[in-house]
Each structure stands twice: as C-alpha cells, then as structure tokens.
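Residue numbers (this note's numbering): -6 to 596.
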C-alpha cells in the first residue's frame, strides 16, 4: 500500500528522527520546495534550520546556506553528517588543502548542502565558480543583518542583495528570529527581485521569564540573580569590552567559572572561549553583542543584561539565546538614566542619515516603554512585533504587580524645575534642586531661587531618579545628548501641566526573592509515580474548589504544569513552594498553605 506521507515528512522522520513538524515548519518547507522566494520569521528554538535543510534534500541540485559564524557552520555541518546528509562548509578555520578537497566534492556533485560565509561567497572568484554549478536554492540565515533597519546590520550582508541577479534560476529563502514589520519589508525589497512569501510563525518564548530592574548596585544584583542559577550556563551582556573583562574577573573571584568574549580578543581566544561555553556545563560568558548570533547551545538557562540593549529587537534577539530547549529560563535586564544617555549618544554618533537616526530613536523609545510598562511584559514585547497575547503569568509584572502612585504633582514640580533652570541640566542636578540640596552647583547658578526648590524633599534620590526615568520613557521629557544629557520638555510634558492631566508612576520596591525563584526542572506526567498521580488528582480537586469559589477558570489558579511539579517535588516550605512554575508573590501568599497541607497528607 502506498503511503500518503509527504516526501518532506518522510525525510523529517527518516533522516532527522522527528515524528512531526512543529507549528509553522511544514508551510515554509513546502513553499521553498516549490521554488518560491521566502522570508521566514521564526522564534529561536523553533527549528528554522530544518525548513531549508529538508527542501535541500528533496532536490537534485546544490543548496547554498549563507551563515555568519564559522562555529555555527561547523556545528550545523557536523549535525547533518551525523544524520547521513552530504553537507560541507568552506571557511577560514580550515587549511587550504581541506577547502580544496571539499570544493572538488562540490564540483563533482557529491555535496547537497554547502555552508559558506557571506564574505567568502561574494568574492568575484567564488561567484564565477558557483555560476558553473547547478545552484537551485540559496538560504540566508540571520537575515536581519541584511537590513539597515534591523538591530544588527552587517555591511558584508548587504552584498547578498545581488544574489537574485547573479543566480536568477535559484530560489532564495531568508530566515531570522528578529524582524519587525518595517525590517521585513526592507529585507524583501532588498533580497527578492519578484514576488515572495513571508511566514511569521510568532515571537513568543513562553518558557523565558522576563524581568527588568532599575540598576542600583549591579554587582550585588548580578550575584543575587546568579545565586538562583548555580551550576547553570548563561550569558551576561555588558556594554563595553572593559566591563566584560571586569565582570568575568569579578565572577571568577566569587567562585563562578566565567569567560569574557568581545571583538578585542584574538580569534583564537574567542574560539576557545566559545568552545568551552558550548561544550561545558555551568559556564558563564560575559560578553558584548559580538557574542551570540547563531549560538546553538540549547541549555542556556539565563541571560542577564547589565546594561540597556540598543533597541527592542536587539533585546529580543539577545534574550532569545536562553531556553532554546524549551525548558524554563530567565532573562533579567538592568537599566538606568546613564544607559539612556549613552544609547542616545550612540545613535547620534552613528554615520546614518537623519531618517535612520530618527528611526533608531523610536526603536529605543519602544524599549524604554517596555522597561517601564505597568502591564505584562510579554504582552508589551509581542505587541511591538504585531502579535497579540494575554497576560503571561511568567514575568516580573505578572508575578509581582507594581504599585502605581499618582505622581502628577511630583511630575509638575520636575517640569517646573527643568523649565526654570533653562532645560540644560542633567537628572542629578534637577533632583538636587527638587530635594533642596545645598551643592556648589546650586549656589553657582543661584538655583535656590527656583520656585520648586525643595518641593520634592519628601522623596529620596532613588525615587526621583525613577520618576524622571519614567517621564522620559513616557515621552514627557527628552534627554538632549548633544547637551550632555540635559533634560528638556516635550510637547506632552508641557501638556501635563494643564488641568485634568494625570501622571502615574511605578514606585520602585525591592522585589522579594520569591519573584525570581530558581525553578524546578520541567516534569512530565509520565515521570510521576502512582502515588504522585494520586496527589496530582487531589491537587486538581483543590484547585477546582478555589476556582469555583473565585469564579475563575481552573488554570487561572494554577496551570497543570504547576500542579505536576508540586506532585513530583512535594514542596513543604514557602521557599520550596516558590520554586514551582507559575508561583509568584501573590500565589505564594494565597495558596501555599492549603496546597502544602494536601501535599503533606500524601507524605
């Protein structure tokens, strides 16, 4: 009897050993196999590589895969060879003899998939040689690098826009995990000569817990965070090479195994550090954005941003290096007013035109709004990419909702102070005036005469810093980078002084450690014993009682995964209960005691 299984599905099962396609994969595979030009935006860990590898194996000609990193190409080729696929890579890590031997196999038609870096591909000699071969498919990985509108533009990628002219009979596919609507349009316009199809399979990475904190003492904040990830692998992103080195040394002194990674290291050192991180457990990479693109390590359990990323797309791309295996992971970002000033300055010093700078400022605005959102972070992040979602229950805002205070009067005093001091002083001086300080600068500029001098003395410096930061994020104030960070009013800020306008701000509080517990490893139902399953049934009955009493669906109390973890790990203290998936401050308070009472009855 002839099987109705599609050829693509047979390769998925027979060659790669996967029973079924993941959501979104099959449509992309079919379009590429049909010879269409395709742009696919798929979240990290969703199986993008299979979407172009399977069509390559369905063809009789050569598929080129353009990839930005030697290490990534080597990993992909090694994995394909283990699956019996005739794949190779030409790259600078191999000596000339090895590359020549590989090229001879390519010419002989023995290779189905050839990985190559953009710099090597776009040489005159390589193009001429490839034009003599039956190139049927060209795939560009990390395609956001091709767009000046994206977070990681690379000049060597821009040359790839010529591929459709150089290989007119080949279909072109482009893959990325990071591209908003404007970037997608830009990629398609640059890369494809004619009609193309775009597939956006979603941006959500629900297994990654999202958190943002104001920077207070970044070293202590980092150590507190790492204390919940002992023995786990992760990445700490820093703004500068110097801070990368300092942070690695600091962590090593604290007993962690940490390695720096930045563009200033030698190629050999970068390669060694990357190999150690990829192959060993419990390694922390302290890195600039030079590290990460194409990292295929599935068990990265955390990403810590010591500084504000460049924009919301870069942030999404960087946090996406965590939890590629689908298991619980965590992303925490610190930021402060200095970050905003530095990021604005970077944009102004860029060599782009005014339109490019305007666009980048808007992208940074979106990230600041995300940092200060009083609602679910995941919803705010996905909304930016045009995707709707409900509250996630797995971000700091959902787990510990912020206290919102009416700050209209405080904002008014801040605006008055900025106006009367000439809109040219930075946050520190404005706060000193508001708090009635007696500094040399205040005496020098006679700012005790400002009408709002001392009006904000009831709030401390930390609170005032938070208020000003939130006013910037909300568009009431502008930081003048050319004026060394001086605060200026926007039209919205002036409107805030009008009667009837209101300003609410998040009052910063030290988050209880239970907000970011070290979570248990995911447990499946099949791993439970008979006793565990009996306990799970009892927990579900208790959950249903609470749900009926509160008039909410059962999953709003706890999801099944949470109850499964309780049944498997049987927490007996608030500390251990806080480690259960989906347990935040409020649920710890409201439900820990009754659920632990049921658990205790089964011990």
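We put the CB at the ideal spot given by N, CA and C, even for glycine.
Keep in mind the model is a prediction, meaning the values are calculated, not measured.
Straight-line gap, residue i to residue j (C-alpha atoms, nearest Å)
i	j	result
residue 559	residue 567	12 Å
residue 639	residue 149	Outside the modelled stretch of the chain, which goes from -6 to 596, sits residue 639, for which no answer is possible.
residue 267	residue 151	26 Å
residue 571	residue 554	14 Å
residue 103	residue 55	9 Å
residue 411	residue 480	7 Å
residue 510	residue 221	Note on residue 510: pLDDT 43, under 50, position unreliable in the model; the coordinate value appears next. Taking the straight line joining both Cα atoms gives about 7 Å.
residue 471	residue 323	31 Å
residue 140	residue 33	15 Å
residue 541	residue 370	28 Å
residue 43	residue 18	8 Å
residue 415	residue 439	12 Å
residue 132	residue 40	15 Å
residue 164	residue 21	13 Å
residue 177	residue 193	10 Å
residue 528	residue 573	15 Å
residue 247	residue 563	32 Å
residue 357	residue 77	45 Å
residue 367	residue 373	10 Å
residue 309	residue 375	10 Å
residue 226	residue 262	19 Å
residue 409	residue 437	19 Å
residue 593	residue 586	10 Å
residue 351	residue 400	30 Å
residue 125	residue 117	13 Å
residue 508	residue 457	Low local confidence applies: a pLDDT of 41 at residue 508 is under 50, so the model's placement there is unreliable, and no value is given.
residue 393	residue 583	13 Å
residue 486	residue 496	10 Å
residue 466	residue 272	40 Å
residue 48	residue 292	28 Å
Closest residue to residue i among the options (Cα-Cα distance)
i	options	result
residue 297	312, 50, 362	312
residue 459	569, 153, 389, 398	398
residue 320	199, 584, 106, 73	199
residue 244	265, 211, 232	211
residue 390	364, 215, 379, 375	364
residue 612	433, 350, 491, 330	No answer is possible for residue 612: it lies beyond the span of the chain, which begins at -6 and ends at 596.
residue 195	215, 182, 172, 214	172
residue 469	361, 188, 382	361
residue 130	461, 57, 284, 392	57
residue 230	163, 292, 314	314
residue 134	116, 126, 170, 125	170
residue 79	89, 96, 585, 87	96
residue 105	93, 422, 128, 90	128
residue 38	15, 443, 454, 159	15
residue 601	88, 197, 580	Nothing in the structure corresponds to residue 601, since the chain is present only between -6 and 596.
Closer than 6 Å: residue i CB and nearest the ligand MG heavy atom
i	result
residue 460	What this structure holds is no ligand at all, so the ligand MG is not there to describe.
Residues near residue i by beta carbon distance below 7 Å, same chain, minus five either side
i	result
residue 234	255, 257, 281
residue 532	556, 559, 560, 588, 591
residue 66	60, 82, 84, 108
residue 506	Note on residue 506: pLDDT 45, under 50, position unreliable in the model; the coordinate value appears next. Closer than 7 Å at Cβ, skipping near neighbours: no residue.
residue 406	427, 445, 448, 449
residue 581	507, 567, 570, 571
Local Cβ density within 10 Å of residue i, reported as buried at 16 or more and exposed below that
i	result
residue 155	exposed
residue 346	exposed
residue 396	exposed
residue 420	buried
residue 300	buried
residue 161	exposed
residue 520	exposed
residue 12	exposed
residue 279	buried
residue 269	exposed
Cutoff 8 Å; reference residue i; Cβ partners in own chain excluding five residues on either side
i	result
residue -4	Residue confidence for residue -4 is low, a pLDDT of 45 falling below 50, so the modelled location carries little weight; the figure read from the coordinates is stated next. These residues qualify, in order along the chain: 3.
residue 359	304, 305, 377
residue 112	149
residue 74	80
Cutoff 6 Å; reference residue i; Cβ partners in own chain excluding five residues on either side
i	result
residue 186	157
residue 539	550
residue 463	365, 498
residue 190	24, 29, 31
#### Entry: 3-residue-minimum beta strand (DSSP E) runs that sit fully inside the segment 346 to 413, ordered along the chain
397 to 399
#### Entry: Contiguous alpha helix (DSSP H) assignments of at least 4 residues, all confined to the segment 109 to 172
111 to 114, 117 to 123, 148 to 151, 156 to 159
#### Entry: Inside the segment 288 to 352 only - beta strand (DSSP E) runs reaching at least 3 residues
293 to 298, 322 to 328
### Query
What runs of the beta strand (DSSP E), each 3 residues or longer, lie entirely inside the segment 435 to 490?
470 to 473, 479 to 482
### Start-end ranges of the alpha helix (DSSP H) lying completely within the segment 37 to 64, minimum 4 residues
41 to 50
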